[in-house]
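S.K.: Sharing a structure here in structure tokens format.
2 protein chains.
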Amino acid sequence: MSHGSFVSPAARDRVRGIAKPIALAMGRIGLTPNALTVIGFIGTLAAAAAAASQQWTLAGVLVIAFGIFDLFDGALARATGTTSKFGAFLDSTLDRTGESLVLAGVAVGCAASNFVEGVLVAGVAAAFASSVTYTRAKAESLGLHGEVGVAPRAERLALLAIALIVAGLAGGVGWYANLPGPTDEPLRPGSIPMLIMIGIIAVFSAVTVVQRILHTKRQLDQQP
Amino acid sequence: MSHGSFVSPAARDRVRGIAKPIALAMGRIGLTPNALTVIGFIGTLAAAAAAASQQWTLAGVLVIAFGIFDLFDGALARATGTTSKFGAFLDSTLDRTGESLVLAGVAVGCAASNFVEGVLVAGVAAAFASSVTYTRAKAESLGLHGEVGVAPRAERLALLAIALIVAGLAGGVGWYANLPGPTDEPLRPGSIPMLIMIGIIAVFSAVTVVQRILHTKRQLDQQP
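Going line by line, the protein sequences match chains A and B. Residue numbering for the first sequence follows the working numbering, beginning at 1 and increasing consecutively. Residue numbering for the second sequence follows the working numbering, beginning at 1001 and increasing consecutively.
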């Protein structure tokens, strides 16, 4: 559904087909779609806490797990005919808050590792990623389409999860000496991959914000 | 205009009265409202860079200066009859991106001071403050009102600027020794005021997100 997304519509349909029976099973034990949304947000808080504690691999696995879990609220609502505007509002609000909090957790974990460069890319990525979501909602509040761009949320989260897992498996980020300031100590091997991958999220998100600003301008220019 | 805002509508009108002649003067030298919006965003980037460089007082002064400057684009557009949906869209998108980037700069500056607690509150404040703006746009995209809550942007920025100026005048944040991990060194005196003030932004923003979610639910419940 997203322009420029690297996940094909067919792949999305397959994933939805798998999600439906699991979601219905969750519904049978009494969970509503909105309850699943809140549980998913709490799971994302756990991912943020893991990143803040420098448990990078755990954080990455939790981001993937609750990214997949996030499919179930919508799947249950569709399968039971209980989709609602409020459910969609709650889901998108908690999704974007959760993504920002995971990046805040990454910034905290990097700071605790004295890896200031990691704090910088996580902070910039959080700022632009949240503006990506904002520009779409704002464009839609003007009756326009806002969903364009190279950095949709699923792709941002996948890249973030990979960055975290690689950082964890490579032994963490920052310098071995864990001392402040420039040092001759070697960088931990997870550092550069994390900078690159979260840096890609930041750059692609910034590009998407610009794309959405221009897309909004074009649509408004075409209005009578 | 905001419910619960601590700046009265009369005070806002007075400020607008002062802004108008300055804005018109800027217009006379050839600047458009959208040019003023972009200049204000660049100024906010300078505030973010100052915070990242631990130039706390400068960062706070720039936040105030460009917070005031942000009045001129709208004032010029109204005074010259050139208000536009695109101008409003660009202004609100760059305002919220700028606020997040200043908080990212604060996180970087705190990380460079080995003040991990500061990174935490700045990250959480950024996450919830951006969700405050998001919930309003998302509610409006559903044809609802979203502007409720205890933490509107002007008040968040004022508190952030005060936190930065106090931190700067008090000699910075973090520990005197600038060593990682727990230490017996005393905290620099700017640390606790910054934690409290940015912590207030984080808590009030989180409360506002919850208020807006509930306000949206009430409005949708009342729909036929």
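Beta carbons are placed, not taken as given, at the ideal position from N, Cα and C, and that holds for glycine.
For chain A, is any of its Cβ atoms less than 7 Å away from the one on B:S1100?
M.R.: Taking the first residue of the second sequence as 1, we reach residue 1100 of chain B at position 100. Taking Cβ atoms only, chain A reaches closer than 7 Å to B:S1100, which makes this a yes.
S.K.: Does the separation of the CB atoms of B:V1119 and B:A1127 fall below 7 Å?
M.R.: Your numbering for residue 1119 of chain B matches position 119 in the second sequence. Your numbering for residue 1127 of chain B matches position 127 in the second sequence. Contact annotation: B:V1119 and B:A1127 have beta-carbon atoms that are not nearer than 7 Å.
S.K.: Could you check whether the stretch 12 to 27 of chain A touches the stretch 70 to 78 of chain A, counting it as contact only if at least three pairs of C-beta atoms, one from each stretch, sit closer than 8 Å?
M.R.: yes
S.K.: Can you check whether the CB of A:G168 is closer than 7 Å to the CB of A:T57?
M.R.: The residue you call residue 57 of chain A lines up with position 57 of the first sequence. The residue you call residue 168 of chain A lines up with position 168 of the first sequence. Contact flag set, yes.
S.K.: Quick check on DSSP: helix, strand or coil for A:S92?
M.R.: To locate residue 92 of chain A, count along the first sequence from 1; it is residue 92. A:S92 falls in the helix class under three-state DSSP.
S.K.: Strictly under 7 Å for the Cβ-Cβ distance: is A:A161 near chain B by that measure?
M.R.: For the purposes of this step, residue 161 of chain A is identified with residue 161 of the first sequence, where counting begins at 1. Closer than 7 Å: no.
S.K.: Could you tell me which uninterrupted alpha helix (DSSP H) segments, each at least 4 residues in length, are contained entirely in the stretch 1091 to 1177 of chain B, listed from first to last along the chain?
M.R.: 1116 to 1141 and 1153 to 1169
S.K.: What's the C-alpha gap between A:G199 and A:H215?
M.R.: Residue 199 of chain A sits at position 199 when you count from the first residue of the first sequence. Residue 215 of chain A sits at position 215 when you count from the first residue of the first sequence. Whole-angstrom Cα-Cα distance: 24 Å.
S.K.: So what does DSSP say about A:L58, is it helix, strand or coil?
M.R.: Translated into the one-based positions of the first sequence, residue 58 of chain A becomes position 58. In this structure, A:L58 counts as helix in the three-state DSSP scheme.
S.K.: Based on Cα-Cα distance, which residue from A:I18, A:D221 and A:A65 lies nearest to A:G40?
M.R.: Here residue 40 of chain A refers to the residue found at position 40 of the first sequence. Measuring from the Cα of A:G40, the nearest candidate turns out to be A:A65.
S.K.: Looking at the strands, I want to know which residues DSSP matches up with B:L1187.
M.R.: Along the second sequence, read from residue 1 onward, the residue named residue 1187 of chain B stands at position 187. Note: B:L1187 sits in a beta bridge opposite B:W1175.
S.K.: Using alpha carbons as the reference points, say which of A:G30, A:A10 and A:A112 lies closest to A:H49.
M.R.: Numbered from 1 along the first sequence, position 49 holds the residue referred to as residue 49 of chain A. It is worth fixing the name first, because residue 49 of chain A is Ala in this sequence and not His. Taking only the C-alpha atoms, the option nearest A:A49 is A:A112.
S.K.: I'd like to know if A:V38 contacts chain B, where contact means its C-beta is closer than 7 Å to some C-beta of that chain.
M.R.: Working through the first sequence from its first residue, we reach residue 38 of chain A at position 38. No, A:V38 does not count as interfacial toward chain B.
S.K.: Would you identify the three-state DSSP class for B:V1029, choosing helix, strand or coil?
M.R.: Within the second sequence, the letter at position 29 stands for residue 1029 of chain B. Going by the sequence as given, residue 1029 of chain B is Ile instead of Val. Correct three-state label for B:I1029: coil.
S.K.: Within 7 Å of any Cβ in chain A, is that where the Cβ of B:A1112 sits?
M.R.: Here residue 1112 of chain B refers to the residue found at position 112 of the second sequence. Judged by the 7 Å Cβ criterion, B:A1112 is in contact with chain A.
S.K.: Mind checking the stretch 1078 to 1100 of chain B against chain A and listing, in chain order, the residues whose C-beta falls within less than 8 Å of any C-beta there?
M.R.: S1084, K1085, F1086, F1089, L1090, S1092, T1093, R1096, T1097 and S1100
S.K.: Give me the Cα-Cα distance between A:A125 and B:S1100, rounded to the nearest whole angstrom.
M.R.: The residue given as residue 125 of chain A occupies position 125 in the first sequence. The residue given as residue 1100 of chain B occupies position 100 in the second sequence. Distance between the alpha carbons of A:A125 and B:S1100 is about 10 Å.
S.K.: Run down chain B in chain order and give the residues with a C-beta less than 9 Å from the C-beta of A:E140.
M.R.: By 1-based counting over the first sequence, the position of residue 140 of chain A is 140. In chain order: A1137, K1138, E1140, S1141 and L1142.
S.K.: So, using beta-carbon positions, are A:V121 and A:L195 closer together than 7 Å?
M.R.: Here residue 121 of chain A is taken as the residue at index 121 of the first sequence, counted from 1. Here residue 195 of chain A is taken as the residue at index 195 of the first sequence, counted from 1. Less than 7 Å divides the Cβ of A:V121 from the Cβ of A:L195.
S.K.: Identify whether B:G1040 lies in helix, strand or coil by the three-state DSSP scheme.
M.R.: Numbered from 1 along the second sequence, position 40 holds the residue referred to as residue 1040 of chain B. B:G1040: helix per DSSP, three-state reduction.
S.K.: Closest Cβ-Cβ distance between A:A154 and chain B: below 7 Å?
M.R.: By 1-based counting over the first sequence, the position of residue 154 of chain A is 154. No, no contact with chain B.
S.K.: Can you tell me which of A:I42, A:G105 and A:L90 puts its alpha carbon nearest to the alpha carbon of B:R1136?
M.R.: Looking up residue 1136 of chain B in the second sequence gives position 136. Nearest of A:I42, A:G105 and A:L90 to B:R1136, Cα basis: A:L90.
S.K.: Determine, using beta-carbon pairs with one atom in the stretch 1157 to 1174 of chain B and one in the stretch 1131 to 1147 of chain B, whether at least three such pairs fall under 8 Å.
M.R.: no
S.K.: Beta-carbon within less than 6 Å of B:G1123's beta-carbon, same chain only, minus the 5 sequence neighbours each way: which residues are those?
M.R.: The residue given as residue 1123 of chain B occupies position 123 in the second sequence. Scanning its chain for C-beta atoms nearer than 6 Å, with the 5 sequence neighbours on each side dropped, one finds around B:G1123 the residues A1107, in chain order.
S.K.: Closest Cβ-Cβ distance between B:T1032 and chain A: below 7 Å?
M.R.: As a first step, residue 1032 of chain B must be located in the second sequence, where it is residue number 32. So, not an interface residue.
S.K.: Between B:A1051 and the rest of its own chain, which residues show a CB-CB distance below 8 Å, the 5 nearest in sequence each way excluded?
M.R.: Looking up residue 1051 of chain B in the second sequence gives position 51. Result list for B:A1051: A1059, V1102, G1105, V1106, V1108, G1109 and L1164, in chain order.
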